[in-house]
Amino acid sequence: MTIQWFPGHMTKAKRTIAEHIKTVDMVIELRDGRIPMSSANPMLQEIIAEKPRLIVFTKRDMADETVTKQWIEYFEKGGQSVIFIDSQKDNVKRILIDNCLKVMDEKIQRDLRRGIRPRAIRAMIVGIPNVGKSTLINQLAKRNVVKVANRPGVTQSIVWLHIDPRLDVMDTPGILWPKFDDVRVGMKLALTAAIKEQILPIEQVVAFGWQYLQNHYPAVLIQRYGPETVSDSVEDFIERTARKFGFIMTDNEIDKKRTMAAFMTDLRQDQLKSISWERPDEYL
Numbered sequence: 003m004t005i006q007w008f009p010g011h012m013t014k015a016k017r018t019i020a021e022h023i024k025t026v027d028m029v030i031e032l033r034d035g036r037i038p039m040s041s042a043n044p045m046l047q048e049i050i051a052e053k054p055r056l057i058v059f060t061k062r063d064m065a066d067e068t069v070t071k072q073w074i075e076y077f078e079k080g081g082q083s084v085i086f087i088d089s090q091k092d093n094v095k096r097i098l099i100d101n102c103l104k105v106m107d108e109k110i111q112r113d114l115r116r117g118i119r120p121r122a123i124r125a126m127i128v129g130i131p132n133v134g135k136s137t138l139i140n141q142l143a144k145r146n147v148v149k150v151a152n153r154p155g156v157t158q159s160i161v162w163l164h165i166d167p168r169l170d171v172m173d174t175p176g177i178l179w180p181k182f183d184d185v186r187v188g189m190k191l192a193l194t195a196a197i198k199e200q201i202l203p204i205e206q207v208v209a210f211g212w213q214y215l216q217n218h219y220p221a222v223l224i225q226r227y228g229p230e231t232v233s234d235s236v237e238d239f240i241e242r243t244a245r246k247f248g249f250i251m252t253d254n255e256i257d258k259k260r261t262m263a264a265f266m267t268d269l270r271q272d273q274l275k276s277i278s279w280e281r282p283d284e285y286l
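If you read the sequence shown in the working numbering, its first letter stands for residue 3, the second for the next number, and so on.
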C-alpha cells in the first residue's frame, strides 16, 4: 500500500528550502526521537546534498529512555554520532553551538590558516512537520519568536535568527515527501501528529497504535484505560473503553468515532508518556 499526498504548501516549502540552501554553511536536521528512522525525510537528503549536516533527535522527554539508549548504540555502531535532546530542559543553545563548531571545524581551521577571521556559522534547520523546530528556535532565542503547536503546518515562512556571535540559524517550514511506500511510516507519522489525521483512515491508525502498545507497552494501556479494557482485539478495546468513559449514544450504542478520537488525542498529546514508536531491531 502506497500513501500518496502532497499539499500545495509542501511544494512551496520544498522550493523555498532549495532556494536558500546555497546561502548556508551547514544543515541541522531535526528528527523525532520517538521515530528516529520514520522521521527522516528522503526528499531532504536530495536538497541538502553535500552540505555538512548535524542530526538532532528531539522530544527525548516523550520517548522511552531505554529504547533511546538502544538507538544511540545503534547509530554509534554505524559510525554516526547522534544527539537526543529535550528542548524544554536541556541547554540546547550550548549543545547546538558546540556541535555545529565540531561539524564546521575543518572549514574554520582552513580559514584561520588563510588568515580569515571566522564569521558566525549560518545553519539551516530542517525537518518534518511537528518535529519540534519552533520549540527549539524559541529556546535558542530565549523568547517566543515562532508559533508552537502540536500539529503540522504551523511554520510557513523562513525566519533568520542571530543566536550567538558563532551561530546564526534559519528556521524553515516542515516538509514531508510526496508518498509513503511503507504504510508503517505513515502510521507512525500520524500517531506523532506529523501528518493530519484526515490523511489516513483513523480506524487503521488506531488499530496500528493499539497493537503496538499491546506488544510493547501493555501496562501503559492498563494504567490509562483500566484493566477492564484489556482485550484481544482493537474492536473489543474500543467497545470497553467507550463504556468505561461513557462514550454512549442515545440508542445505547457506543460512540466509536468519539472513542477513537479520544484515543488519538491521548497519543498525540503524550498522555500515555514515554512511548517510542519504533525500535532499532526493526532495522537490523
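In this text, a Cβ means the ideal position worked out from N, Cα and C, and glycines have one as well.
### Query
In terms of alpha-carbon separation, which member of K104, F265 and R270 lies closest to T243?
Locating residue 243 in the sequence shown gives position 241, counting from the first residue. The shortest Cα separation from T243 among K104, F265 and R270 belongs to F265.
### Message
Tell me the residue span of the beta strand (DSSP E) that contains G211.
### Response
As a first step, residue 211 is located in the sequence shown; it is residue number 209 there, counting from the start. G211 -> not in any beta strand (DSSP E); alpha helix (DSSP H) instead, spanning I204 to H218.
### Query
L46 and G129: beta carbons closer than 9 Å?
Looking up residue 46 in the sequence shown gives position 44. Looking up residue 129 in the sequence shown gives position 127. Yes, the pair counts as a contact, with Cβ atoms nearer than the cut-off.
### Query
Under 9 Å between the Cβ atoms of I87 and W279?
Residue 87 sits at position 85 when you count from the first residue of the sequence shown. Residue 279 sits at position 277 when you count from the first residue of the sequence shown. No; because the gap between Cβ atoms is not below 9 Å, this pair is not in contact.
### Message
Taking 9 Å as the threshold (C-beta atoms), are M189 and L178 in contact?
### Response
Here residue 178 refers to the residue found at position 176 when the sequence shown is read from its first residue. Here residue 189 refers to the residue found at position 187 when the sequence shown is read from its first residue. Not in contact: L178 and M189 (Cβ atoms no closer than 9 Å).
### Query
In terms of residue numbering, what span does the alpha helix (DSSP H) encompassing M106 cover?
One-based indexing of the sequence shown puts residue 106 at position 104. Segment: none, M106 is in no alpha helix (DSSP H) and carries neither H nor E.
### Message
Beta-carbon within less than 6 Å of Q158's beta-carbon, same chain only, minus the 5 sequence neighbours each way: which residues are those?
### Response
Taking the first residue of the sequence shown as 1, we reach residue 158 at position 156. The predicted model places Q158 with a pLDDT of 49, which falls under 50 and marks its position as unreliable; any figure quoted below should be read in that light. P175.
### Query
Whose C-beta lies closer than 6 Å to the C-beta of Q72 among residues of the same chain, with five residues either side of it excluded?
If you number the sequence shown from 1, residue 72 lands on position 70. The answer, listed in chain order, is P282.
### Task
Could you tell me which residues DSSP pairs with L191 in its beta bridges?
The residue given as residue 191 occupies position 189 in the sequence shown. L191 is not bridged to any residue.
### Query
Is it a yes or a no for the segment 181–188 touching the segment 113–120, going by three-plus beta-carbon pairs under 8 Å?
no
### Cβ separation of V207 and L142, assumed to be a contact under 8 Å, to the nearest whole Å
Looking up residue 207 in the sequence shown gives position 205. Looking up residue 142 in the sequence shown gives position 140. About 33 Å; that fails the 8 Å criterion.
### Message
So, for E241: in the same chain, excluding its five sequence neighbours on each side, which residues have a beta-carbon less than 7 Å away from its beta-carbon?
### Response
By 1-based counting over the sequence shown, the position of residue 241 is 239. Hits under 7 Å: I256.
### Message
Quick check: the Cα distance between D272 and L114, rounded to an integer number of angstroms?
### Response
To locate residue 272, count along the sequence shown from 1; it is residue 270. To locate residue 114, count along the sequence shown from 1; it is residue 112. So the two alpha carbons sit approximately 47 Å from each other.
### Query
For A51, which residues from the same chain have a beta carbon less than 8 Å from its beta carbon, with the 5 sequence-adjacent residues on both sides left out?
Residue 51 sits at position 49 when you count from the first residue of the sequence shown. Correct list, in chain order: I23.
### Query
What is the DSSP secondary structure of W179, counted as helix, strand or coil?
Within the sequence shown, the letter at position 177 stands for residue 179. Residue state, collapsed to three classes: coil.
### Message
Under DSSP, the alpha helix (DSSP H) around M126 begins and ends at which residues?
### Response
Looking up residue 126 in the sequence shown gives position 124. Where M126 is concerned, there is no enclosing alpha helix (DSSP H), although the beta strand (DSSP E) it sits in stretches over I123 to G129.
### Query
Over what stretch of residues does the alpha helix (DSSP H) that includes F239 continue unbroken?
Here residue 239 corresponds to residue number 237 of the sequence shown, with the count starting at 1. Element bounds for F239: V236 to F247.
### Query
What is the DSSP secondary structure of W279, counted as helix, strand or coil?
Within the sequence shown, residue 279 is the residue found at index 277, counting from 1. Note: W279 maps to coil in three-state DSSP.
### Query
What residues match up with L289 in a beta bridge as DSSP calls it?
Nothing can be reported for residue 289: it is not among the residues displayed for the chain, which extend from 3 to 286.
### Query
Using DSSP with H/G/I as helix, E/B as strand and the rest coil, what is D173?
If you number the sequence shown from 1, residue 173 lands on position 171. D173 falls in the strand class under three-state DSSP.
### Task
Could you tell me the distance, in whole angstroms, from the CA atom of A15 to the CA atom of D173?
Along the sequence shown, one-based indexing puts residue 15 at 13. Along the sequence shown, one-based indexing puts residue 173 at 171. If I take the Cα positions, the gap works out to 11 Å.
### Task
Classify S83 as buried or exposed, calling it buried when 16 or more other Cβ atoms lie within 10 Å of its own Cβ.
In the sequence shown, residue 83 corresponds to position 81, counting from 1. Burial call: exposed.
### Query
Run through DSSP, which three-state label would L286 get?
Your numbering for residue 286 matches position 284 in the sequence shown. The answer is coil: DSSP assigns L286 none of H, G, I, E or B.
### Query
When you compare each of S276, T194 and D234 to R226 by their alpha carbons, which one comes out closest?
Taking the first residue of the sequence shown as position 1, residue 226 is located at position 224. It is S276.
### Task
Classify K61 as buried or exposed, calling it buried when 16 or more other Cβ atoms lie within 10 Å of its own Cβ.
Along the sequence shown, read from residue 1 onward, the residue named residue 61 stands at position 59. Result: buried.
### Query
Exposed or buried, what is I224 when buried is set at 16 or more other beta-carbons lying within 10 Å of its beta-carbon?
Translated into the one-based positions of the sequence shown, residue 224 becomes position 222. Result: exposed.
### Continuous alpha helix (DSSP H) stretch holding I139: start and end
On the sequence shown, residue 139 is found 137 positions in, with the first residue counted as 1. Note, I139: alpha helix (DSSP H), K135 to A143.
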